[in-house]
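Before any comments, here is the structure.
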Amino acid sequence: MGQPRIVIVEDDDILAKTTEWRVRKLGYGFSGRAASGKEAIGLIMREHPDVILMDINIRGELDGIEVAELIRTQFDIPVIFMTANMDKETIARAKATGPKGYLVKPFDDQDLRVAIELAIP
Numbered sequence: 000m001g002q003p004r005i006v007i008v009e010d011d012d013i014l015a016k017t018t019e020w021r022v023r024k025l026g027y028g029f030s031g032r033a034a035s036g037k038e039a040i041g042l043i044m045r046e047h048p049d050v051i052l053m054d055i056n057i058r059g060e061l062d063g064i065e066v067a068e069l070i071r072t073q074f075d076i077p078v079i080f081m082t083a084n085m086d087k088e089t090i091a092r093a094k095a096t097g098p099k100g101y102l103v104k105p106f107d108d109q110d111l112r113v114a115i116e117l118a119i120p
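Reminder that position 113 of the sequence shown reads as 112 in numbering that gives the first Met the number 0, one-by-one numbering, no gaps.
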């Protein structure tokens, strides 16, 4: 296997670009960005990434947790949540999808690298 390919699902353009830059700086492959659940599913179907970095609050009808559940059941690709949400309800919903990580924004490069390394199949 070559370098792991990462998809970023983030609706804030600045955060998405910054995360992409960090992923590339850490030496991982980048397979694309999506801002909504619908875009994310299409991108994942096309790219078959190794890991998905998923914001919880994204554009569209589905939030990141609902998209992560679809990914778990349809694609079995590891998801790492990256969010500012730390309330018990959100964590419980996220936990039910079997994520490989939960990064609380803002996070640093080392946190991102460790989360990705632990998620890589």
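In this text, a Cβ means the ideal position worked out from N, Cα and C, and glycines have one as well.
Quick caveat, the model's predicted, so the values are computed rather than measured.
Beta carbon of residue i nearer than 9 angstroms to that of residue j
i	j	result
V50	I5	yes
R10	I57	Residue 10 is actually Asp in this sequence, not Arg. Result yes, Cβ atoms of D10 and I57 sit closer than 9 angstroms.
K99	L117	yes
L52	D108	no
I40	L69	yes
8 angstroms contact criterion, which residue i and residue j should meet: CB distance rounded
i	j	result
T82	I115	Not a contact, Cβ separation roughly 16 angstroms.
DSSP-derived helix/strand/coil call for residue i
i	result
L124	The chain is shown only over 0 to 120; residue 124 falls outside these bounds and no answer can be derived.
M85	coil
R61	With the sequence shown as reference, residue 61 is identified as Leu, and Arg is not the correct amino acid for it. If DSSP states are grouped into helix, strand and coil, L61 belongs with coil.
A67	helix
G100	strand
G31	strand
L52	strand
Give a yes or no on contact between the region 22–35 and the region 77–91, applying the rule of three or more CB pairs nearer than 8 angstroms. no
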